[in-house]
Amino acid sequence: MTQSPAQPHARTALVVGGSRGIGAGIVRRFAEDGASVVFTYANSPDPAHRLAAETGARGVHADSGNRKALVQAIASLGALDVAVINAGLGLIGDPLTLDADAVDRLIDVNIRGAYFAAVEAGRRMNEDGRIIILGSGLGNAARAPGATPYGMTKAAMQGLTRGLARDFGGRRITVNCIQPGPVDTDMNPKDGPFAAPLHAGMCIPRHATTDEIADLAAYLAGPSAAMITGAMLTIDGGYTC
Ligand SMILES: NC(=O)c1ccc[n+]([C@@H]2O[C@H](COP(=O)([O-])OP(=O)(O)OC[C@H]3O[C@@H](n4cnc5c(N)ncnc54)[C@H](OP(=O)(O)O)[C@@H]3O)[C@@H](O)[C@H]2O)c1
């Protein structure tokens, strides 16, 4: 019998960075599963409002690069059962010439924002809660030149996941990291200029869909995953195998 009766239904879920792409797919999936869902957004109010109308989820403006606003927004939500830390920026290029302000912003959103969001969500979380962090296969391996700053931020998600799994395990909160490969979103469209070289390095040469990532998130959020914690779950069609 499952010791940890985490219920996928009637739970309160937060998706940090949920207006588009993978985050929006997870919002849809959790809402379909009966959860009460809140998501944050920063730069896409129109998609956020449409998603809220479509799913019944509530959108809250909170820039993950603004620590005080982010922490305040999460603290205002009350008790949580599930938190998905998804907000992230992409940045690829030669580290010798990349714009330093863009690298700073990447670190602010992808690392600082993820850290403070995960910690604040953990503070508010009920027992048997679930924290799911979006990393990347590029946290495992630099598969091509130009991935240094982005890969660095995603490798940091591995340390965040392992550390918080220890820190929050006493309350039976699991903390896991989903590491996608190419997923068809605005960040990495399946017909974009990087698609062909990405597919050439994969065992299963296609982009994943946001639904495929949402399925894994729903599994991790559910009762069957109560003993999975501190784990990196790579879902990349073999891109980094
Ligand atoms: N697509 C891929 O191939 C892929 C592969 C591996 C990992 N990932 C990771 O998966 C996550 C989602 O990626 P995606 O492909 O869905 O990207 P996307 O299509 O660019 O969507 C990014 C989402 O994050 C939100 N976001 C970005 N900056 C934010 C900020 N400062 N504050 C709050 N929200 C913010 C965006 O909201 P607004 O537009 O409202 O700001 C949007 O909802 C990221 O962490 C990414 O690194 C993606």
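Under our numbering, think of the first position of the sequence shown as 4, with each following residue one higher. C-beta: ideal position from N, C-alpha, C; glycine also.
Which residues bound the beta strand (DSSP E) around residue i?
i: Arg70; result: Where Arg70 is concerned, there is no enclosing beta strand (DSSP E), although the alpha helix (DSSP H) it sits in stretches over 70–78.
i: Leu236; result: 235–238
Less than 7 Å between the CB of residue i and some heavy atom of ligand 1, yes or no?
i: Tyr242; result: no
i: Val186; result: yes
i: Tyr118; result: no
i: Val74; result: no
i: Met128; result: no
i: Leu137; result: yes
i: Gly68; result: yes
i: Ile77; result: no
i: Ile110; result: no
i: Arg23; result: yes
i: Gly162; result: no
i: Ala248; result: Examination of residue 248 is not possible in this model, given that the chain is present from 4 through 244 alone.
i: Tyr44; result: yes
i: Gly93; result: yes
i: Asn179; result: no
i: Ala60; result: no
i: Ala90; result: yes
i: Gly20; result: yes
i: Met190; result: yes
i: Pro208; result: no
i: Ala51; result: yes
i: Ser227; result: no
i: Gly96; result: no
i: Gly173; result: no
For residue i, which option in the options has the closest C-alpha, if you only look at C-alpha atoms?
i: Arg209; options: Val112, Ile216, Val186, Pro196; result: Val186
i: Leu101; options: Asp131, Tyr118, Asp111, Pro152; result: Pro152
i: Met155; options: Asn191, Ile181, Pro98; result: Pro98
i: Asp49; options: His64, Asp36, Ala86; result: His64
i: Ile114; options: Ile136, Ala103, Gly125, Glu130; result: Ile136
i: Ala168; options: Met235, Ser139, Ala198; result: Met235
i: Leu94; options: Cys206, Gly125, Val85, Asp107; result: Asp107
i: Ser22; options: Pro200, Asn179, Asp194, Arg61; result: Arg61
i: Gly166; options: Thr232, Ser39, Ser227; result: Thr232
i: Ile29; options: Arg127, Asn143, Val85; result: Val85
i: Gly184; options: Leu201, Ile176, Arg174; result: Leu201
i: Phe119; options: Arg146, Ile207, Asp194, Met160; result: Met160
i: Ser139; options: Asp36, Ile238, Gly26, Gly24; result: Ile238
With DSSP as the reference, please indicate the residues paired to residue i in a beta bridge.
i: Ala65; result: Answer by DSSP bridge pairing: none, since Ala65 is not bridged.
i: Ser39; result: Thr15
i: Tyr44; result: His64
Residue range of the alpha helix (DSSP H) that residue i falls in?
i: Leu223; result: 213–224
i: Asp104; result: 103–110
i: Asp49; result: 48–58
i: Ile25; result: 24–35
i: Ala86; result: Here Ala86 belongs to no alpha helix (DSSP H); instead the beta strand (DSSP E) covers 83–88.
i: Pro196; result: First-last for Pro196: undefined, no H or E at that position.
Which ranges would you report for the beta strand (DSSP E) in the region 122–184 if only whole runs of at least 3 residues count?
Runs of the beta strand (DSSP E) inside the region 122–184: 128–137, 177–183.
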